[in-house]
Amino acid sequence: MAEHTPFPVQVLTPEGELFSREVQMISTRTTVGSIGLLANHEPLLATLEPTELRLYVTESEVVRFAQSEGYMQVAANRALLLLQEAHEPGALDVAQLRDRLAEAERELEHAAEDSERRRTAAREQRRLTVFLRIAEAAQH
Amino acid sequence: MASQRDVRTRISAVKNIQKITRAMEMVAAARLRRAEQRIEALRPYADAIRRMTRQASEAAGDLPTLPILSEHPSIQRVGLLVVAGDRGLAGAFNSNAVRAGVGAGREHLGQGREVVYFASGRRPASSLSFRGLPVSQSFIGFSDRPAYADARAIAERLMTAYVDGEVDQVEVFYNGYISPLSQVIRRETLLPLQRATVLDESVGAASEQESAARRGAVEYEPAPEEILKRLVPDYVEISIFRALLESTASEHGARMTAMRNASENASSLIEDLTLQMNRARQAEITQEIMEVVAGAEGLG
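Protein chains in written order, with the numbering used here: chain U, 1456 to 1595; chain L, 3 to 302.
The structure is reproduced here in structure tokens:
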């Protein structure tokens, strides 16, 4: 990654502020697709999907979080990320995630077609699958 | 009358209890401070969600018609969520929340509605089933330190029940936190979600960031209507998370007060027992002197 102009980024969760620094690039995933966000981006409001959030403070210093669903607002060259959950990859518990994923899959099997219960279970499954992948990668 | 030795044993027993209640009081005080900080930490997030909702709803023209926003034609089944703790020894904290929920349940039954309970915390779960009331689901194991994921799990269960027609209304009961010494029972309607709750204008003026956003053309990914469909259910999750956090702070506050009272009670009990022990000792001494005097007289 070449040098880019830094811009301020804040990451908020319901449990408090997780990150507030200048970064060169944000790499995340919106509902539309993966996105790499640089300074002076045009104003944006987007919904975020579970993925590994990468905050490139410098070329070598990358802060990573397992991100759940959320929102990203960009305005006046500042980015605000609201995430329901964000975990440091090393803090995730692989065994626990596997159990919860298995439970979500069972729930998905039992939920009636086109019910709210099914949509909820599908979201849970997607989120846990991503978290598990990040957790397993962090172990190696 | 109890002998000196009996009283001394009781005093040491009470002193041991006092050590435990003092320790519990201090633990509760430390946890209370953390719980208060977590209530504070939620505010910036909740405010930002409100501002984004306002921005998206201005762009979309209005809120979308979502199932959780629309009232059911008639209310036949009501879901009641009772939020309290996993553990006892916190004064009337648990029983107050349960009593409020059960009281409201009786009201609904009186109006010919069916009532189904949801419990957050081991205590309300067990006391509701002990009373033979129908508990649809219990959420346990986090009342000391609830995470947002816990609130989301409860919210998803309740919204699912509402949207899939299992219930026609959902209310929540919890100990609202005012101060370490004062908690009040709150009763709120969670579902259907009121449009006024979502479009609350009380959040301060738009930030610099937002005004800039309004001036410039904003790119929405996906369309504002779709973003709102995600934002609106968040209000239910945030309301429940706030209820869990306030309930946790209230629990620690109530436990701290209960344990302080217990420690003070132990102090006065120790005073009484010490007095009793001194009396017993004095009585024994007097008895011995009498015996010596009587013995001396017998010799003389």
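Cβ coordinates follow ideal geometry from the N, Cα and C atoms, glycine included.
Residue i versus the options, residue with shortest Cα-Cα distance
i, options, result
"Arg-133 (chain L)", "L:Gly-105, L:Ala-155, L:Ile-240, L:Arg-53", "L:Gly-105"
"Tyr-222 (chain L)", "U:Gly-1491, U:Ala-1557, U:Pro-1498", "U:Pro-1498"
"Ala-1546 (chain U)", "U:Glu-1564, U:Thr-1513, U:Gln-1528, U:Arg-1519", "U:Arg-1519"
"Ala-37 (chain L)", "L:Ile-180, L:Gly-93, L:Phe-120", "L:Ile-180"
"Leu-65 (chain L)", "L:Glu-248, L:Glu-227, L:Ser-128, L:Glu-273", "L:Glu-227"
"Ala-151 (chain L)", "U:Ala-1501, U:Glu-1514, U:Glu-1470, U:Gln-1465", "U:Glu-1470"
"Val-165 (chain L)", "L:Arg-124, L:Ala-102, L:Pro-69", "L:Pro-69"
"Val-1464 (chain U)", "U:Arg-1476, U:Glu-1472, U:Ala-1457", "U:Arg-1476"
"Arg-1574 (chain U)", "U:Thr-1584, U:Ala-1559, U:Glu-1458, U:Phe-1586", "U:Ala-1559"
"Ala-15 (chain L)", "L:Ser-265, L:Leu-71, L:Val-238", "L:Ser-265"
"Gln-1596 (chain U)", "L:Asn-280, L:Thr-23, L:Asp-236, L:Gly-103", "Here chain U has residues from 1456 to 1595 only, and residue 1596 (chain U) is not among them."
"Thr-1502 (chain U)", "U:Ala-1550, U:Leu-1536, U:Glu-1514, U:Gln-1479", "U:Leu-1536"
"Gln-39 (chain L)", "U:His-1595, U:Ser-1489, U:Glu-1472, U:Glu-1579", "U:Glu-1472"
"Val-234 (chain L)", "L:Arg-52, L:Arg-12, L:Ala-4, L:Pro-46", "L:Arg-52"
"Gln-1580 (chain U)", "L:Pro-126, L:Ala-155, L:Gly-123, L:Gln-196", "L:Ala-155"
"Ala-1521 (chain U)", "U:Glu-1504, U:Val-1487, U:Ala-1576", "U:Glu-1504"
"His-1496 (chain U)", "U:Arg-1484, U:Ala-1531, U:Ala-1592", "U:Ala-1531"
"Pro-224 (chain L)", "U:Pro-1544, U:Gly-1488, U:Glu-1458", "U:Gly-1488"
"His-220 (chain L)", "L:Val-29, L:Ala-153, L:Glu-60, L:Val-238", "It is Val, not His, that sits at residue 220 (chain L) in the sequence shown. Among L:Val-29, L:Ala-153, L:Glu-60, L:Val-238, the Cα nearest to that of Val-220 (chain L) is on L:Glu-60."
"Met-261 (chain L)", "L:Ser-5, L:Tyr-47, L:Met-28", "L:Met-28"
"Ala-127 (chain L)", "L:Arg-24, L:Ala-198, L:Ala-30, L:Leu-83", "L:Leu-83"
Residues that residue i bridges to, as DSSP identifies them
i, result
"Phe-1520 (chain U)", "U:Leu-1508"
"Thr-1575 (chain U)", "In the DSSP output, where bridge partners are listed per residue, Thr-1575 (chain U) has none listed."
"Thr-1502 (chain U)", "U:Tyr-1526"
"His-1542 (chain U)", "U:Ala-1521"
"Pro-1463 (chain U)", "U:Glu-1477"
"Tyr-222 (chain L)", "U:Leu-1500"
"Gln-185 (chain L)", "L:Tyr-179"
"Ile-1490 (chain U)", "U:Thr-1483"
"Ser-241 (chain L)", "Answer is none; Ser-241 (chain L) lacks a bridge partner."
"Arg-1533 (chain U)", "U:Ala-1530"
"Leu-83 (chain L)", "L:Phe-120, L:Val-174"
Status (buried if at least 16 other CB within 10 Å, exposed otherwise) for residue i
i, result
"His-1542 (chain U)", "buried"
"Val-295 (chain L)", "exposed"
"Leu-111 (chain L)", "exposed"
"His-254 (chain L)", "buried"
"Val-186 (chain L)", "exposed"
"Ile-287 (chain L)", "exposed"
"Pro-291 (chain L)", "Inspection of the sequence shows that residue 291 (chain L) is occupied by Ile rather than by Pro. By the 10 Å Cβ count, Ile-291 (chain L) comes out exposed."
"Thr-11 (chain L)", "exposed"
"Glu-42 (chain L)", "exposed"
"Arg-125 (chain L)", "buried"
"Arg-1572 (chain U)", "buried"
"Ser-241 (chain L)", "buried"
"Glu-34 (chain L)", "What sits at residue 34 (chain L) in the sequence shown is Leu, not Glu. Per the 10 Å Cβ criterion, buried."
"Leu-301 (chain L)", "exposed"
"Val-1549 (chain U)", "exposed"
"Ser-252 (chain L)", "buried"
7 Å Cβ cut-off: residues of chain L touching residue i
i, result
"Thr-1575 (chain U)", "Glu-158, Thr-162"
"Gln-1580 (chain U)", "Per Cβ cutoff of 7 Å: no residues; Gln-1580 (chain U) is ~13 Å from chain L at best."
"Tyr-1526 (chain U)", "Met-54"
Contacts that residue i makes with chain L (C-beta to C-beta distance below 9 Å)
i, result
"Ser-1570 (chain U)", "Thr-162, Val-165, Asp-166"
"Ala-1501 (chain U)", "Glu-221, Tyr-222, Glu-223, Pro-224, Ile-229"
"Glu-1497 (chain U)", "Gly-218, Ala-219, Val-220, Glu-221"
"Thr-1485 (chain U)", "Glu-223, Pro-224"
Proximity below 8 Å, CB of residue i to CB of residue j
i, j, result
"Val-117 (chain L)", "Val-85 (chain L)", "no"
"Arg-257 (chain L)", "Met-26 (chain L)", "yes"
"Leu-1492 (chain U)", "Ala-50 (chain L)", "no"
"Leu-183 (chain L)", "Val-172 (chain L)", "no"
"Ser-249 (chain L)", "Tyr-176 (chain L)", "yes"
"Asp-88 (chain L)", "Asp-146 (chain L)", "yes"
"Val-9 (chain L)", "Gln-284 (chain L)", "no"
"Ile-272 (chain L)", "Lys-17 (chain L)", "yes"
"Val-1478 (chain U)", "Leu-1508 (chain U)", "no"
"Asn-96 (chain L)", "Gly-90 (chain L)", "yes"
"Ala-1596 (chain U)", "Leu-1552 (chain U)", "There is simply no residue 1596 (chain U) to check, as chain U begins at 1456 and stops at 1595 in what is shown."
"Glu-239 (chain L)", "Ala-163 (chain L)", "no"
"Val-174 (chain L)", "Ala-121 (chain L)", "no"
Closer than 9 Å at the beta carbon, the chain U residues around residue i
i, result
"Tyr-176 (chain L)", "Per Cβ cutoff of 9 Å: no residues; Tyr-176 (chain L) is ~17 Å from chain U at best."
"Ile-240 (chain L)", "Pro-1469"
"Arg-35 (chain L)", "Going along chain U, no residue has its Cβ under 9 Å from Arg-35 (chain L), so there is no contact; the nearest lies around 15 Å."
Chain U contact residues for residue i, given Cβ-Cβ distances below 8 Å
i, result
"Tyr-150 (chain L)", "Thr-1468, Pro-1469, Glu-1470, Gln-1539, Glu-1540"
"Ala-58 (chain L)", "Leu-1500"
"Phe-321 (chain L)", "Only positions 3 to 302 of chain L appear in this structure, which leaves residue 321 (chain L) out of reach."
"Arg-232 (chain L)", "Thr-1502, Glu-1524, Tyr-1526"
"Arg-154 (chain L)", "Gln-1539"
Within chain U, the residues that residue i reaches when beta carbons sit closer than 7 Å
i, result
"Tyr-47 (chain L)", "Leu-1467, Thr-1468, Pro-1469, Leu-1537"
"Arg-40 (chain L)", "Glu-1470"
"Leu-44 (chain L)", "Pro-1469"
"Ile-51 (chain L)", "Leu-1537"
Closer than 8 Å at the beta carbon, the chain L residues around residue i
i, result
"Pro-1479 (chain U)", "According to the sequence provided, residue 1479 (chain U) is Gln. The question's Pro does not apply to it. Per Cβ cutoff of 8 Å: no residues; Gln-1479 (chain U) is ~20 Å from chain L at best."
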